[in-house]
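Chains as they are written, first to last, in the numbering used here: chain G, 335 to 614; chain W, 7 to 271; chain X, 3 to 257.
For every residue, glycine included, the Cβ atom is placed at its ideal position computed from N, Cα and C.
First the structure, in the form of C-alpha cells, and then the observations on it.
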Amino acid sequence: MLALLNQQFIQYAFLAGTLISIICAIVGYFVVLRSQAFAAESLSCVGFTGATGAAIFGASSLVGTFFFTILIAFGFGTFGKRIKGRDIEIGMVLSFALGLGVLFLKLYTSNATEAVGILFGSILSVTASDLYLSLGTGTLALIILAVIFRPLLFASIDPEVAEARGVPVVLLGLIFMVLLGITIAEAILVVGVLLVFALLIAPAATAQHITNRPGVSIFLSIALGLLFTWGGMLLGLFFHTPVSFFIAALAAITYLAIIPLYHLISPHFYVSKAHHGREV
Amino acid sequence: MFEILQYSFIQNAFIASFFVAIIAAVVGYFLLVRGLTFAGHALSHVGFAGAAGAVLLGVDPIFGLLAFTIISGIGIGMLARVLKERDVTIGIFLTLALAFGILFLFLYQGYAEQAYSILFGTILGISTFNVFVTAIFSSISLLILLFLFRPLLFSSFDPEVAQARGVPVKLLGVVFLIFVAITVSISVQVVGVLLIFTLLVGPAATAMRVVKNPYLTIGLAICLGIAYSWIGIFIAAQTNLPVSFFIASLSFGAYLVVRLKEVIS
Amino acid sequence: MQRSAIELQKISLTLGNRLVLDDINLNIYEGEFIAILGPNGAGKSTLLKLLLGLYKPTSGKIEILGKQAKKGNNEIGYAPQHRTLEADLALRARDVVGFGLDGNKWGISLPNSSRTKTINTALKEVDMLHLADMSVGKLSGGEQQRLLIAQALLTNPKILLLDEPLSSLDITHAQTIVQLVTNIAKNRNITVLLVTHDINPLLSSVDRVLYMANTHSAIGKPKDVITTKALSKLYGSPVEVINTNGRIFVIGEEN
C-alpha cells in the first residue's frame, strides 16, 4: 500500500485533494451560513458545460470549468437580489446549459468515459498543469478569504448594520460568488459535477450542526473535509472503486447520521426549558 | 429526409415521447402550482440510483426507476412540510443517491455507456417493450389524474378551504407524488435524469405564462411537450446529435421567448 | 440648552421618482430621547438611513455632531428593524454582538481577552450575558433585539438609532426594552432616536416626539405635537387624537 504513495499520480491526487477540500470547507461554511446551496448547485451544473465546452477551444476541462463557473458566478453576484426566489428561471437556464454540455460532449469526445470523468470526478488522473492551476488559484482564494473573513461574516448575518458601518456588502457578495465559482470548479476536479455537494456542503453543514462557534466550526469543517477526502481516496484505491463514491458516501452518511445522533446526545445544545416561550 | 420515419426505432421514439409529454404536462403543471419542482429534481436523482441498481441486477432500468422513485415519492409526500426548508439535508441525501448510482454502475461492466444513457436519455434506442410500459403507465396515470383533477386543483390553490370541504388534502398530496414518480421514471427515457426539467417543468412553465385557465394551460403544455420531443427526435435522427440537447434547447427557447415578450410589453 | 447632536436644514429627499422628504428642518440636542412616529411609508426608516450616510439628500444640509453625515460613522450606533434569524443558524449571541466591535475590519479576529471583556460588558448592559453562548436563531424576538442594541453600543457611540425595536413585542416586554434603552441613554449620555408605531410605552421616557407624515415633519413635546390640530395640519387631512387613561391614540392616519 505504501508503495502506492510513491507513484506520482497518487501524490498529485493527494496534494490537489488536500488543498481543494480545505478551501471547500471554508467556502462551504459561508455557503451554508448564507443559505446559498442552490447557487452552488447551479454553478456545478454550469461547470459541466464549461468542462465539455473547453474541448472546443482545445483547453483542458479544468480551464473551461474555471472560465465558465467564474463567468456565471459573476452574473449571479451582480444580479444577486433579483435572482432570489427565481428557481424556475434558473432551473430552465441550467437545463439548457446541461443540454449544451451534452451536445459538446457528443461533438468533441466520442467516448462516454470523458463524460463520466467530468460528472463523477477524475482526481486520480489529474495532470501536472491542472495541479499547479488548482494549487495556485486555491491558495489565492484562501488568502482572499482570510482578508475578507470578518466583514463577510458580518455582511452575511447582518447586512443592514454592516452597510451602516461601512462594509461594502454588495461588493463582498460579488467577491464571494466568484470565490464560490472557483471553489466549485476545483471541487469538480475531485468529485465531479454531480457530487460537489458532498465536498462543499456536507463538512460545513455537519460542523454547523455540532457547534455554533465560528472558529471551531471552520476548524471542524476542514478536519471533516480532509477526513472524507483522504479516506475516500484511500478506500477508492484499495477497492479499485471510484474515489468520488467513497468521498461522497463518507460525507453524506456522516452528515445524515450526525443530526439524529447529536439531538440524542446533547440536550443542552437547545434553549433550556425555563427559556422556552419567553418573549423578552 | 422523411424516409427515416419508416424505421421502427423512430416510430417507437415518437410513440413513447408522445405518452411521456402528455403526462409530463399534467404533472408538471401541478408541480409548479404546488411549488414542488424540487421534488421532481429530487426524484430524478433518486431514480438514477434505482436505474443503476436495476442494471446491476440485470433488470430493465425502468423498473428500478419506478421502484425507487415511487417509494421516495411517498416519503417526500409524507414529510413534505418538514422537507420544504431543508435544502441542505435534501441535497446531501440526493448526493448519496447519486453516489450509490455510480457505484452500482461501476460494478457493472461498461458502466460509462449506461451512465450516459440514464443521465441523458436513450429515446432513440427504446425497446418496444419499454414503449408498451410507457404507454400503459402514462395512460393509467392520466386516467386517474383526470378523475382526481378537480379536488387536486382545489387543494393545490386553496388547501385549507379544500380540507374544510372534505377533500383529503394530505392523502392527495402523497398520491400526487406517486404520479410524479411515475412521470419522472418514464420521462428519464426521453431526456435522462439530468434534463428532466426540460420536459417536466418547461412546457408547463411556458404555458402558464401564456394562458391562465388551468385546462388551456395543460392543453398547451401537452402540445408544447409533444412538439419539443418530436422535433427533437426528428432533428437528432438527421444530424446524429443528442436528442436531449434539442429538446432542452426548444424548451428553453420557447420559455425565453415568452419571458422576453412579457418584459417588452 | 445643550449642544446640537443632529441638525437638518431644509432637507429634501427624492427616491426614484417619489418625493419622500420635503423641507425638513430640525435640531436634536445631545442627550435627548426622541421618538419618531408616523404612518408606514412616511420616511421614518429613510430618515435614519440619511443620518447614517446611506442616502444622500437631494438638497439641504445634515450635520451630525458638527460634522457632515458619512457612512461608517463610529459615533452612531444603529439597530435596524429586527428580522427573524433561522433557528439553526450556527452563530452565538456573543458573535453577533462582536460584529459591532470589529465586524467591519478586514481579516480575522484572533481570540483575545480584552475583546471578550468588552463584549461581555455590552452583553451585561442589555442583560444578555447569561445567554451569550446560545445560538442566535434560538433566542426570542425581544432577546435578539437586545443583542442588536448591545452591538450598536460597542463603539461607544454618541447617538443611538433604533428602527422599530418594539414592533414584535407585547406591551410588557416593550416596556422592558424602553426601560433598558432609557437607562443606557442616561448612563452613557447618548442621544436616542427610536422609531415606533405606538407612543404609549415611551410616553414617560421621551423628551420630544418627531412626527413624520406627508413628506413633512413636526417636532416637539408629545402634548404639543400629538394633538388633533397639529397632526391634522401635518397630514393635510382630518386626523383625530384621543387621550384617555393616560394613553394616546391617533385615529385616521393610515388613509
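Beta-bridge pairing of S61 (chain X) - partner residues as DSSP gives them: X:S14
Nearest-angstrom beta carbon gap, N546 (chain G) and S142 (chain X) [assumed within contact, 8 Å]: That pair is no contact at about 17 Å.
Residue-chain proximity (E613 (chain G), chain X), Cβ-Cβ < 9 Å: At E613 (chain G) the pLDDT is 32, less than 50, meaning the model places this residue with poor confidence; the figure from the coordinates comes in the next sentence. So, interface residue.
First and last residue of the uninterrupted beta strand (DSSP E) at A220 (chain X): 218-222
Contact with chain G by A152 (chain X), beta-carbon distance below 9 Å: no
Local conformation of L129 (chain W) per DSSP, three classes: It should be pointed out that residue 129 (chain W) corresponds to Ile in this sequence rather than to Leu. Three-state result, I129 (chain W): helix.
Start and end residues, beta strand (DSSP E) containing A92 (chain X): Run containing A92 (chain X): none; DSSP gives neither H nor E here.
Alpha-carbon to alpha-carbon, Y466 (chain G) and I21 (chain W): 51 Å
Beta-carbon gap between A95 (chain X) and E145 (chain X) smaller than 9 Å: yes
Simplified DSSP state of L67 (chain X), which is helix, strand or coil: Three-state result, L67 (chain X): coil.
Selection of the segment 227-251 of chain W by Cβ proximity to chain G, strictly under 7 Å: Hits within the stretch, in order: L247, P248, S250, F251.
Neighbour flag for S161 (chain W) against chain G, beta carbons, 9 Å: False, the Cβ-Cβ gap to chain G never drops below 9 Å.
Beta bridge counterpart(s) of Y80 (chain X) as assigned by DSSP: X:L163
Members of the segment 108-127 of chain X that neighbour chain G once the beta carbon cut-off is set at 9 Å: W108, G109, I110, S111, P113
Meets three-Cβ-pair contact criterion under 8 Å: the segment 371-382 of chain G and the segment 551-571 of chain G: no
Backbone secondary structure at M214 (chain X) - three-state DSSP: Strand at M214 (chain X).
Completely contained alpha helix (DSSP H) runs for the segment 420-452 of chain G, where each covers 4 or more residues: 421-442
H610 (chain G) burial status per 10 Å Cβ neighbour count (16 or more: buried): Low local confidence applies: a pLDDT of 35 at H610 (chain G) is under 50, so the model's placement there is unreliable, with the coordinate-based value given in what follows. Looking at its Cβ environment, which holds fewer than 16 other Cβ atoms inside 10 Å, H610 (chain G) is exposed.
Assumed close pair L206 (chain W), T189 (chain W) - CB separation to whole angstroms, cut-off 8 Å: 7 Å
9 Å Cβ cutoff, D104 (chain X) in contact with chain G: yes
CA nearest to the CA of V269 (chain W), picked from W:I253, W:V199, W:R215, W:A31: W:R215
Residues that S137 (chain X) contacts on chain G, provided the C-beta gap is smaller than 7 Å: N546
Under 8 Å by beta carbon: chain W residues contacting D421 (chain G): T43, F44
Nearest-angstrom beta carbon gap, V211 (chain X) and I228 (chain X) [assumed within contact, 8 Å]: 6 Å
Min CB distance M511 (chain G) to chain W below 9 Å: no
Within-9 Å CB hit, A498 (chain G) to chain X: By the rule that beta-carbons nearer than 9 Å mark a contact, A498 (chain G) touches chain X.
Cβ-based contacts, 7 Å cut-off: residues of the segment 81-93 of chain X near chain G: P82, A92, L93
Chain X contact for H543 (chain G) (CB, 9 Å cutoff): yes
Sequence ranges, beta strand (DSSP E) only - wholly within the segment 115-156 of chain X, length at least 3: The segment 115-156 of chain X contains no whole beta strand (DSSP E) run of 3 or more residues.
Secondary structure, alpha helix (DSSP H): runs of 4+ residues fully inside the segment 13-87 of chain W: For the segment 13-87 of chain W, the full-length alpha helix (DSSP H) segments reaching 4 residues or more read 14-39, 43-62 along the chain.
Pairwise C-alpha distance: T399 (chain G) and A532 (chain G): 19 Å
Neighbour flag for K73 (chain X) against chain G, beta carbons, 9 Å: yes
D97 (chain X): contacting residues in chain G (beta-carbon distance under 7 Å): P548
Boundaries of the beta strand (DSSP E) in which E242 (chain X) is found, first to last residue: Bounds of the beta strand (DSSP E) holding E242 (chain X) are 242-246.
Coarse secondary structure for F308 (chain G), derived from DSSP in three states: Residue numbering for chain G in the displayed model covers 335 to 614; residue 308 (chain G) lies beyond these limits and cannot be assessed.
Residue burial classification, S355 (chain G) (beta-carbon count within 10 angstroms, cutoff 16): Looking at its Cβ environment, which holds 16 or more other Cβ atoms inside 10 Å, S355 (chain G) is buried.
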